[in-house]
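Protein chains in written order, with this note's numbering: chain A, 1 to 172; chain B, 1001 to 1291; chain C, 2001 to 2781.
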């Protein structure tokens, strides 16, 4: 291992890079290590701690963010891969006029308990609803099947997504 | 949770990518979706000193019907396959496998070619593509070559690719309209690797008999494997329960399962048998409906 | 002032705590960043059992960005290489002589960034001399087993404890006279609470003041503060534990882990804050696992009635006996094992053994081992039904403790407070459509389809607990509530418990609302900061509502009594002339002549009667007179795929009785969460070991947690049988579903196969196990 670290430092090529990422509509630029994971860029470099870490094998989805509108596990994306792209985190969900309907729905339907999986669940839900305005229970469970919740048993999360879907269809 | 250091490059063309790989040798890896590579790097089971990110190479995009074959570019994500209308009907074994890869989030980034190059015997695309008789195109310092999938997989996580070769596309030969396919996977939960899985493609001739069957197996061998004897037993056969049961029995014999927490060898062989039979019935049904 | 609308008990008040979580503004410990903060990573043993012959940290220490490398030897110099456990044993903080389980903490790196800390970890060179590993308790207690705790004076074998409950003689007699004995050998396998947020802390010891502020994932911050004081020798008034938002606990965040101790020691030595963030592998391989009880149960039956229960249990405690449980009980409350049944004689014999595995056992919503007990009795009773040829629902009904028998003293000494088991069962069967389903099951069998219906009627025992019987590390298990009402009639409620997602900020405010008529929105609930809350034993084993909830009701009533005096003063009448209605005192017979609780609060600071102390506040430490006994009946319908052995719950019907329900929406959320954990345990969760003690199940690829796709949906119902001794009749509910449901799922799968003579499948009931059972019974296709 020590050989590997030494090799990287003497090899021709950069182990840091300047990146510019649009995060929640705001341009953020930073010099980062190429090995920095996107989730750590968000949490540590930008101080946006709403995106969480729950595992070390890309299994739990607590780190889910939207990358160009598509839900991804930010622990399995390098920050440098987000260069020039748009990232949406939970902090970017609320609209100028108030909460996003998905946030309101999670609250009204008791779709969260400890809150740790909630940011990721809401973001994936918004991506789902952008493509499918009236998803069935099965479609919702399928869309969320890359993310783990330990508290709720998913039932109220499904209700919350259905409720948000209705709100969005009604233009709320 | 924290990868070791590496240098990082973003080539604009395949040629540039190949040069970079050649320059950095064994310690360089291609980064496409990263959904297999980055997890390994986070656990430090892999520690490449150079990553060559191919995500900006435009020529690697797209699923398209070409003359006599379907082309799947190296940057095609699993999710694109899940949604593509092209991967239904005659290419149904692929369309059937796509939604079962890993989980929906991983499918947004992971690529077909990345999965194939990773050569995990528990990987799904390998079997689906073997059953569809597919090949890959690899570009390297000495030029471009086409490799049949059966020759690509050498062992667990080992392909016959040279270190500086990049997979640029998958080519799936057009099996004709009277074709159906099915991918059946037993997973303990979404995102788990297969306990056992089967990819089946049935091509019917004008008389409604089986012209060719492709049967490939996941997680029951050192690589994804073709059940050649099972396939042969179906050539010219009348599609139906008897032929399918026999082919399934042969396929189970050709499987080489290893006991683990997902089950013992006897169990996994039986899953193979059951799934090949079910898959053949579904594929034949789909092939007949297409006629 | 006008009386606002008040939503107290029984209202599904939307949660106050949601506001920050839905905005991504939760304050979990890893969100905390302090100036000068360093990062700690732990090096873990690859071996299950090995001598450490040398540790060389020089290369790691030399890496740029590394501030310190800590070993057991360094900790030993400060007397911190070992620490006491909550079960009277000791546990290694960083290994010195040997490692005793795979994943055990061996060294630590403190660095400027976690990335560098991880780089440095790889540079630490440890030489091990592997020893044979003990991987199950039978081996541990058998001939020639290696001695695991050779460092422990007086420990000559791997035996940890022996503990008994009940009456051996009376039970033997019952068995001698039985006309039928039904027995079951079963292993409740090792699983893990695996909350989504791992454990960790930010330890900040201020070098100038000597004050230590430790932000940590703690379900019991006051207990942890006291233990830190005793273990680390820091004066207790200088220790402040702040348990911030916690991303799930489930018992995982009750023990003190080496990471907390090393981080605190490092902060003390370096004079800078030190953050330790556990990774998932560390969490699964080393922190408090759950269960791992090898159980043999026998039920004596005479004329269709249960006359005796005999249980022998061997527990796998791992390398250190670290269960967090009341000290009088070596096997927690496992002796609740007579469950919902009127069994006159019972004898429970338990032993614990050390093995080369992580320490723990009491965790994962177990209510102190009630999960294990409930599983055993409900599986036994189900099998008894098959053996006796009686319908499983009927057999339960015939043997339930009947409503008129409460309060009921069980054969192992529990006094059950209240219950109506037949009502819960009847409601469950009605919602399920039991008779129709049994008919459908028979029809399906003829068509070659295998359906199964599983039942479980559990009784929980929670709310630890009365001072005469319950203590943890000597601390009696009271809990506390401190309530202060401000001049403007708003209130602050501070509690000795600590939510990890259970909704305390809302439910406890509802208790105040019910007692004082102050709306929940006007009651700020605070928990977790030991400088700022009254002493309590924390949240686990479903104890918060029974203890702190009671304290909240009591102190609210105390303040109401003072408010009544203020009201009398304001209305210039006698206290006896007043009546109270939802936040307002009015004169009897003259209802418009009244004052609100807010008026009284204002008066407490501005217009006190002669001799009355200012303010409207108080604290109550509640010593519960008894435990509480939530109960219910669960039913699961499954279908089995005869080709693959896969099974799917088609319906799950759960009827719960937790007494008075403070917030039905939150109660139901606890239940659906617990039913999911129960399904996970029954179907897929497992921490296993090979013969060398290598742990399989130390990451989320091997330790399987169901997603929204596998998880069924749940139909809920309730009955309400209040607790007669609890001030608001509530019993607690957080763990009921995890306790009661695994047996329901397993019983369902067994029920699908029982007609072929199959009586047992061991958890996790994976498809391969089911298929083998089908195959042996000639039912596989």
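All C-beta atoms in this analysis are idealised placements derived from N, C-alpha and C, irrespective of residue type, glycine included.
Given the structure is predicted, the values throughout are model-derived calculations rather than measurements.
{"Query": "For the region 1101-1115 of chain B, enumerate the residues whose C-beta is nearer than 9 Å to any C-beta of chain C, in chain order.", "Result": "1103"}
{"Query": "Classify residue 2378(C): buried if its beta carbon has 16 or more other beta carbons within 10 angstroms, exposed otherwise.", "Result": "buried"}
{"Query": "So the candidates are 1129(B), 1209(B), 1164(B) and 1014(B); which of them puts its Cα closest to the Cα of residue 1069(B)?", "Result": "1129(B)"}
{"Query": "Is residue 154(A) close to chain C, meaning its C-beta is less than 8 Å from at least one C-beta of that chain?", "Result": "yes"}
{"Query": "Counting only beta-carbon separations shorter than 8 Å, does residue 1999(C) have a partner in chain B?", "Result": "Because chain C spans 2001 through 2781 in this model, residue 1999(C) falls outside it and cannot be assessed."}
{"Query": "Please report the distance separating the alpha-carbon of residue 2552(C) from that of residue 2723(C).", "Result": "16 Å"}
{"Query": "Should residue 13(A) be flagged as near chain B, meaning a C-beta pair shorter than 8 Å?", "Result": "yes"}
{"Query": "In chain order, which continuous runs of the beta strand (DSSP E) of length 3 or greater are located wholly inside the region 1087-1164 of chain B?", "Result": "1135-1140, 1143-1148 and 1153-1155"}
{"Query": "Work out the CA separation of residue 1002(B) and residue 1008(B) for me, nearest whole Å.", "Result": "16 Å"}
{"Query": "If you pair each beta-carbon of the region 2241-2259 of chain C with each one of the region 2054-2062 of chain C, do three or more pairs fall below 8 Å?", "Result": "no"}
{"Query": "Starting from residue 2110(C), trace the alpha helix (DSSP H) in both directions and tell me its first and last residue.", "Result": "Per DSSP, residue 2110(C) belongs to no alpha helix (DSSP H); it is in the beta strand (DSSP E), 2105-2111."}
{"Query": "Please check the pair residue 2464(C) and residue 2368(C), which I expect to be a contact at CB under 8 Å, by giving their CB distance rounded to whole angstroms.", "Result": "7 Å"}
{"Query": "Classify residue 2710(C): buried if its beta carbon has 16 or more other beta carbons within 10 angstroms, exposed otherwise.", "Result": "buried"}
{"Query": "Tell me where the beta strand (DSSP E) around residue 2782(C) begins and ends.", "Result": "What the structure shows of chain C is the stretch from 2001 to 2781, and residue 2782(C) is not part of that stretch, so it cannot be assessed."}
{"Query": "Determine the closest residue to residue 2370(C) out of 2504(C), 2561(C), 2292(C) and 2177(C), with distance taken between C-alpha atoms.", "Result": "2292(C)"}
{"Query": "Starting from residue 1167(B), trace the alpha helix (DSSP H) both ways and give me its first and last residue.", "Result": "Careful: residue 1167(B) lies outside any alpha helix (DSSP H), inside the beta strand (DSSP E) at 1166-1173."}
{"Query": "Considering only residues of the same chain and omitting the five flanking positions on each side of residue 2196(C), which have a CB-CB separation below 6 Å?", "Result": "2247 and 2248"}
{"Query": "Closest by CA to residue 2550(C), which one among 2497(C), 2572(C) and 2717(C)?", "Result": "2497(C)"}
{"Query": "Taking a Cβ distance cut-off of 7 Å, strictly less, list which residues of the region 2692-2724 of chain C are near chain A, in chain order.", "Result": "2699, 2700, 2701, 2705, 2707, 2708, 2709, 2711, 2713 and 2714"}
{"Query": "How is residue 2257(C) classed by DSSP in three states: helix, strand or coil?", "Result": "coil"}
{"Query": "Applying the criterion that 16 or more other CB atoms from any shown protein chain within 10 Å of the CB defines a buried residue, is residue 43(A) buried or exposed?", "Result": "buried"}
{"Query": "Are the CB atoms of residue 2124(C) and residue 2038(C) within a distance shorter than 8 Å?", "Result": "no"}
{"Query": "With 16 as the cutoff for other CB atoms within 10 Å, does residue 2657(C) come out buried or exposed?", "Result": "buried"}
{"Query": "Compare the Cα-Cα distances from residue 1144(B) to each of 1157(B), 1164(B) and 1231(B) and report the closest residue.", "Result": "1164(B)"}
{"Query": "Between residue 160(A) and chain B, is any beta-carbon pair separated by less than 8 Å?", "Result": "no"}
{"Query": "Taking all protein chains shown into account, do 16 or more other C-beta atoms lie within 10 angstroms of the C-beta of residue 1188(B), making it buried, or fewer, making it exposed?", "Result": "buried"}
{"Query": "Between residue 1178(B) and residue 1244(B), what straight-line distance do the alpha-carbon atoms span, to the nearest angstrom?", "Result": "18 Å"}
{"Query": "Does the Cβ-Cβ distance between residue 2364(C) and residue 2250(C) come in under 8 Å?", "Result": "yes"}
{"Query": "Cutting at 6 Å between CB atoms, please list the residues of its own chain near residue 176(A), excluding the five before and the five after it.", "Result": "Residue 176(A) lies beyond the stretch modelled for chain A, which goes from 1 to 172, so this question has no answer here."}
{"Query": "For residue 1267(B), would you say it is in contact with chain C, using Cβ-to-Cβ distances shorter than 8 Å as the test?", "Result": "yes"}
{"Query": "Consider the C-beta atom of residue 2418(C) and the heavy atoms of the ligand FAD; say whether any pair is separated by less than 7 Å.", "Result": "The ligand FAD is absent from the structure shown, which contains no ligand whatsoever."}
{"Query": "Applying the criterion that 16 or more other CB atoms from any shown protein chain within 10 Å of the CB defines a buried residue, is residue 2614(C) buried or exposed?", "Result": "exposed"}
{"Query": "Should residue 2448(C) go down as buried or exposed, given a rule of 16 or more other Cβ atoms within 10 Å for buried?", "Result": "exposed"}
{"Query": "Quick one: Cα of residue 160(A) to Cα of residue 2581(C), how far?", "Result": "36 Å"}
{"Query": "Would the beta-carbon of residue 2166(C) fall within 8 Å of that of residue 2412(C)?", "Result": "yes"}
{"Query": "Counting only C-beta atoms, is residue 1001(B) closer than 8 Å to chain C at any point?", "Result": "yes"}
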